[in-house]
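One structure is given below, encoded as structure tokens.
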Amino acid sequence: MACAGWETRRAWRGGRRRLVKGDEGVCPAVDRKREESVGWVFVDPGFHRGLVSTASLRDADGLSLRESSSARSYNGRVNPRLPALLSLLALLLSCGSSQPEKGPYDTDPTEPSAAVQTFQIVDDFQLELFAAEPNVADPVELCFDENGGLYVAEMLDYPFDPKAGDQPASRIRYLEDSDHDGRIDKATLFADHLLQATSVFPWKGGIFVASAPDILYLKDTDGDHVADLREVWYTGFDTNVSPEARITNFRFGYDNWIYAANNGRPGEIKSPKFPDRKPVFIRGFDFRFHPGTGEFAPATGPTQFGMTFNQWGDRFMSQNTVHLRHAVLPARYVLRNAFFAPPSLLQYVPEDDPSNSVVYPLTKPQQWRVERTQVRQERYDETKPGRVELVGGHFTAATGATVYLGDAFGPDFYGNVFIADANGGLVHRELLFDKGVTYRSEPRPVGKEFLASSDPWHRPVNLANAPDGNLYVMDFYREYIEEPASIPMAIQKRLQLDFYRGTDRGRIWRIKPKKPAVERGLEVSLGTASTAELVELLAHANAWHRRTAQRLLLEKQDGSAAEALRKMAAEGPTPESKLHALWTLDGLGALTSAEVKAALAAEHPEVRRHAVRLAEGFLPELANTVVGMQSDEDPKVRLQVALTLGEIDGSQKAVAAMAAANAADPWFRAALLTSANGRPFDVLNRLLSSHRDFFSDGDDAEGRREFLAGLAAQIGAAPKGEGLGLFLQAVGGSPRLQAPAWKAAALEGLGRGLELSGERRLKVSGAEALFSRWMGDKDETVRDAALGDAQYFALPTMLSDAQRAAVSEEIDLERRVRAVRFLKGGTWNEVAPALGKILSSPAAPELHEAAIETLSSFDEPAAAELLLAGWSGYGPAARTRAVDTLIRRQGWVDQLLAAVDSGAIPPAAIDPVARIRLAEHPSEEVRTRAAKLFGSGSGGRAKVVEQYKDVLALTGDAGRGEAVFKKTCAKCHLSQGERGRLGPDLSGVNNKTQEELLAHILDPSFEIQSNYTNYMVVTKDGMILDGLLAGESAESVTLRGEYQDVSVRRDQIEEMRASTVSLMPEGLEEDMTKQELADVIAYLRAGL
């Protein structure tokens, strides 16, 4: 029986019962774990999932109840009503259990007191319970401040965001061990109503909190451990993604910047705290900011959840099945060169052996995973015999990568990396070894885990170094941790999966040696340490103390520390202490060239490596010293030299020399290409004149040719064709570039840069003779590359020849197509007659398509008229391309719509994708006209889905479905290993049920993957481009269209916006019978 006048409701997402009465009410609340009444609960109907906010607890006089380990603490006063409140326990129990209803395969949680018995840990180590419910729930990150104060981010919202109008539930709690027994016994609510709080980091008496879309700064100013200052420092982080993939994982680097994981999500980041700072774009990157100056910038990534620095300042990250990667190239070097984009900035650290991703959990796979695997295997047995779907045994939720840098474990563990797997309920250990400029790793122990639990609720999501030198494990402690979208909805419903089951629970565990190398507690008082004492702590054996001391010195900005820091930089007992001293001097503005020069000659390579980076602040004074280190014996030092050369004026000779020695290595190749910024031809000229062997064939020739192409791309992208003449002469005249592979690499790279430059009809002396020769080359790759480049140059004689060849029926089709494409380099008046003749004649489809492609490079209104005039003679592919071309310019799209309106082009000839683009056009007039001509689209797709439910009763044939898929879908989507340009990879959709696939096919805009959002760009010269966002830098944007990628400089963009409509067209049911639809669904569920 419920409380009188109250209604008990159960929210599916919350998995809990709540009491409601009208819009607001009051009911007695009890802490069920301690069986104590804690006050009266004012139920806020807008609160997320109907959970009770701890900030809503009040006593009968309305006094605020601070959440703590003791229910008797009301604002620091003993509550006199406690005995009476205790008597309300029975009443509350009758109001309904706080535990959710169990599904058929749900298991029971293990109470904290018994949980330690479920663990197995390697010999010589032990596990201790440090904190548990009710003092902590759903912990995902913690930080100790300089006085040992412990802040914990509790992500109660996960895995869903609150509904519109509801309050978020995540929070930060301040935990204390008041009786000093090594276990938390007091919790104070520091801040609540935070959206998906994922990270905390101390700064100047407060903490930074990651809560997308913001990075917040919260501070308690009156000593009650409750935040009363809340500032937004940075905003703009993506929230259109699963919570675990949002901004998170604050980590303090040697360089005094705080780094954060961003999972590569898009965002234009701004700072309300520092409004004068320019916004930055972070798509594809992580994020970093300087807490002292407010500066912020992209950082190498992406990291999902789990980021760490080793003792030398190298950054590592974990991400689902990819459990350990190393950020090799800092983003700041790559971003300085707008015309170079390396394929990757990250290295997978484990050796390329599948066994290195194997894990050894003690838990059995949960029932949902068993059933999902069975369904997949049944399909594979029917369609792909021999393929095996594994239930588990590999990383599936790698998270919390942390390099152990404490001193309690002993030297054999210092620098090891520990990675949790939240699905497997384990903590995995790997040893790191140098491997050139990066690292490799090996698991230890082999054949079992460092730590694992047999409790299926144990969810280790993060780890942390601590003041005592031990390692702490954050245990989210939920029955289900999997992202709901990866579990078929039918399984979720049948098993009654409640993703919030256990949201009131959580633990923090301490991993401790049985015989610690150092015995130390968590009690620290660095906040009261003198400047001199903080400097001495930079040599501490435990990195927590070193990093905290450096942070505090940065906060204090005490110039009197300089002399002691200089002594530490020169005479510190360890390389790490010297690095901390050097970077702290830099953070205080007290670093001089003398300290850096001495460090450049240091015995330890890591000191030299960091000194090279610090030398960038003392150029040109230290330039010769840095250049002289290009042959340093340590590859990591040499890589930093390669990067720093880009900051040194006149370093082309050194860049060329390092390229000759190292360009076969992709990391050196990328570093040196960033350093060639602004002077690529000088580097090439040095290679041609002084490094003959660079252009020889051999095992590593492909890497050197890639370096050549990278230089050529930068030359092509230079404004106004600077250096083009010299480059063309070099390609045409240098004996070292006459081999077809080298010549093609140079011309192909040049074309990439020319496209980005936006320059046309460049007048370069001698170019015509060279292009005439290259386009007649025996090697097809040279001919193709030359043809692609020719459109950017003024080549009058060749243009005349192409005009004649394009319309000559006596020339073979391939040569005519080449001639038509060559016409891109002419003026409109020069090429219009030839294009008009081709488009108005019954030419081969390839010729029509080539002519339309060429016509699209002009902007004259007459071009659209010519294109429309030949409509009746076009085949299907040419018509699609013609519409694509007409949509791209404002004046032309008006002519297209006029032609449809007049009947010259039937509405049915405008394909569904084109209709979507018209409906999303930047011009309201175009959108309105298109809606009148084609209809406003379907706001009633749900009705269509309902009408086609009978498709689910049909037996589909995967073989027939494959044929329908290739005809209708493969143009955009992945099909048996062939990737389309515009659609997402569908190889994983066999997770989906028939109902889900039917809904996605018939109502494609219901859910759009963020990576497949269509973007519309309007350029200043009137072009309207759209496509997927294939790349983005500070200087340019690259869109992936149906036919090609197009790069646009940001300074040429008038407007850019994302579409809310999927490029996958609605109305596919009109092109398929119901049986064909059933067949396609069967094909998708069989697994691509």
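Residue numbers (the numbering used here): 3 to 1090. Glycine included, every Cβ here is placed at the ideal spot set by N, Cα and C. Note that the coordinates shown come from a computational prediction; the quantities given were computed from them, not determined experimentally.
Who are the Cβ neighbours of residue i in its own chain at under 6 Å, not counting the five residues just before and after it?
{"i": "Leu-539", "result": "His-547, Ala-551"}
{"i": "Gln-805", "result": "Ala-836"}
{"i": "Met-1074", "result": "none"}
{"i": "Lys-516", "result": "Asp-126, Gln-128"}
{"i": "Leu-1079", "result": "Val-953"}
{"i": "Pro-204", "result": "Cys-145, Asp-147"}
{"i": "Leu-686", "result": "Leu-713"}
{"i": "Val-822", "result": "Ala-808, Ala-852, Ala-853, Thr-856"}
{"i": "Leu-749", "result": "Ala-787, Ala-788, Asp-791"}
Just to check my reading of the structure: residue i and residue j have Cβ atoms closer than 8 Å, yes? What is that Cβ distance to the nearest angstrom?
{"i": "Phe-342", "j": "Gln-716", "result": "6 Å"}
{"i": "Thr-120", "j": "Thr-109", "result": "Thr-120 to Thr-109, Cβ: 12 Å. No contact."}
{"i": "Gly-417", "j": "Val-405", "result": "6 Å"}
{"i": "Asn-322", "j": "Thr-398", "result": "7 Å"}
{"i": "Thr-586", "j": "Leu-616", "result": "About 12 Å separates the two Cβ atoms, so there is no contact after all."}
{"i": "Leu-789", "j": "Met-800", "result": "Not confirmed; about 11 Å, so no contact."}
{"i": "Val-361", "j": "Ser-443", "result": "At roughly 14 Å, the Cβ-Cβ gap does not stay under 8 Å, so Val-361 and Ser-443 are not in contact."}
{"i": "Tyr-256", "j": "His-542", "result": "Not a contact, Cβ separation roughly 15 Å."}
{"i": "Thr-196", "j": "Met-476", "result": "According to the sequence shown, residue 196 is Leu rather than Thr. Leu-196 to Met-476, Cβ: 17 Å. No contact."}
{"i": "Leu-131", "j": "Val-118", "result": "6 Å"}
{"i": "Gly-266", "j": "Arg-285", "result": "7 Å"}
Could you name the residues of the same chain whose beta carbon sits closer than 7 Å to that of residue i, not counting the 5 residues immediately before and after it, in chain order?
{"i": "Val-643", "result": "Val-614, Val-628, Met-631, Gln-632, Asp-634"}
{"i": "Lys-745", "result": "Val-733, Leu-739, Val-784"}
{"i": "Tyr-1085", "result": "Ala-960, Gly-963, Glu-964, Phe-967"}
{"i": "Glu-851", "result": "Ala-879, Ala-880, Arg-883"}
{"i": "Ala-57", "result": "Any reading at Ala-57 needs caution, since the residue's pLDDT is 34, under 50, leaving its predicted position unreliable; the model's value is listed next. Taken in chain order, the residues that qualify are Leu-191, Asp-194."}
{"i": "Gly-561", "result": "Leu-590, Ala-592"}
{"i": "Ser-1012", "result": "Note that Ser-1012 has pLDDT 45, beneath the 50 cutoff, so the model's placement of it is unreliable and no number is given."}
{"i": "Leu-641", "result": "Val-439, Trp-669, Phe-670, Ala-673"}
Quick check on the DSSP output: the alpha helix (DSSP H) that includes residue i runs from which residue to which?
{"i": "Thr-112", "result": "Where Thr-112 is concerned, there is no enclosing alpha helix (DSSP H), given that its DSSP letter is neither H nor E."}
{"i": "Phe-420", "result": "Per DSSP, Phe-420 belongs to no alpha helix (DSSP H); it is in the beta strand (DSSP E), 419 to 423."}
{"i": "Arg-442", "result": "No alpha helix (DSSP H) holds Arg-442; the beta strand (DSSP E) holding it covers 440 to 445."}
{"i": "Arg-640", "result": "637 to 646"}
{"i": "Val-628", "result": "625 to 629"}
{"i": "Gln-731", "result": "726 to 735"}
{"i": "Leu-462", "result": "Checking the displayed sequence, the identity of residue 462 turns out to be Pro instead of Leu. Pro-462 -> not in any alpha helix (DSSP H); beta strand (DSSP E) instead, spanning 462 to 467."}
{"i": "Arg-775", "result": "769 to 776"}
{"i": "Ala-410", "result": "Segment: none, Ala-410 is in no alpha helix (DSSP H) and carries neither H nor E."}
Just to confirm the assignment, what range does the beta strand (DSSP E) spanning residue i have?
{"i": "Met-476", "result": "473 to 477"}
{"i": "Val-211", "result": "208 to 213"}
{"i": "Ser-1106", "result": "Here the chain has residues from 3 to 1090 only, and residue 1106 is not among them."}
{"i": "Gln-793", "result": "Neither: Gln-793 is in no beta strand (DSSP E) and is coded neither H nor E."}
{"i": "Ile-123", "result": "121 to 123"}
{"i": "Asp-506", "result": "Premise fails: Asp-506 is in no beta strand (DSSP E) and is neither H nor E."}
{"i": "Glu-432", "result": "428 to 437"}
{"i": "Glu-233", "result": "231 to 237"}
Excluding sequence positions up to five away, which residues of its chain have a Cβ less than 8 Å from the Cβ of residue i?
{"i": "Lys-1076", "result": "Tyr-950, Asp-952, Val-953, Leu-956"}
{"i": "Ser-72", "result": "Interpretation of Ser-72 is limited by its pLDDT of 31, a score under 50 that renders its predicted location unreliable; the figure taken from the coordinates is listed afterwards. Counting only Cβ-Cβ distances below 8 Å, and skipping sequence neighbours, we find Lys-188."}
{"i": "Gly-150", "result": "Pro-469, Leu-524, Glu-525, Val-526, Ser-527"}
Under 7 Å between C-beta atoms, does residue i make it to chain C?
{"i": "Ile-421", "result": "Absent here is chain C; the protein component of the structure consists of one chain."}
What are the complete beta strand (DSSP E) segments, minimum 3 residues, inside the region 287 to 356?
288 to 291, 298 to 301, 309 to 311, 317 to 321, 324 to 329, 348 to 350
Does the region 301 to 317 touch the region 244 to 251, meaning 3 or more C-beta pairs lie closer than 8 Å?
yes
For the 8 Å Cβ check, are there 3 or more pairs between the region 442 to 455 and the region 351 to 370?
yes
Quick one: any contact between the region 405 to 415 and the region 528 to 538, if contact means 3 or more CB pairs under 8 Å?
no
Hey, is the region 310 to 330 in contact with the region 684 to 698, meaning 3+ C-beta pairs nearer than 8 Å?
no
Within 8 Å, do at least three Cβ pairs link the region 250 to 264 to the region 198 to 213?
yes
Count the C-beta pairs between the region 658 to 674 and the region 705 to 712 that are closer than 8 Å, then say yes if the count reaches three, no if not.
yes
Along the chain, which unbroken stretches of the beta strand (DSSP E) at least 3 residues long are found entirely within the region 124 to 194?
127 to 134, 141 to 146, 152 to 156, 172 to 178
In chain order, what are the residue ranges of uninterrupted alpha helix (DSSP H) at least 4 long that sit wholly in the region 805 to 893?
815 to 824, 830 to 841, 847 to 857, 863 to 871, 878 to 889
Could you name each continuous alpha helix (DSSP H) segment of 4 residues or more that falls completely within the region 685 to 763, going from the start of the chain to the end?
703 to 719, 726 to 735, 742 to 759
Touching by the beta-carbon criterion (3+ pairs, under 8 Å), the region 889 to 897 and the region 916 to 935:
yes
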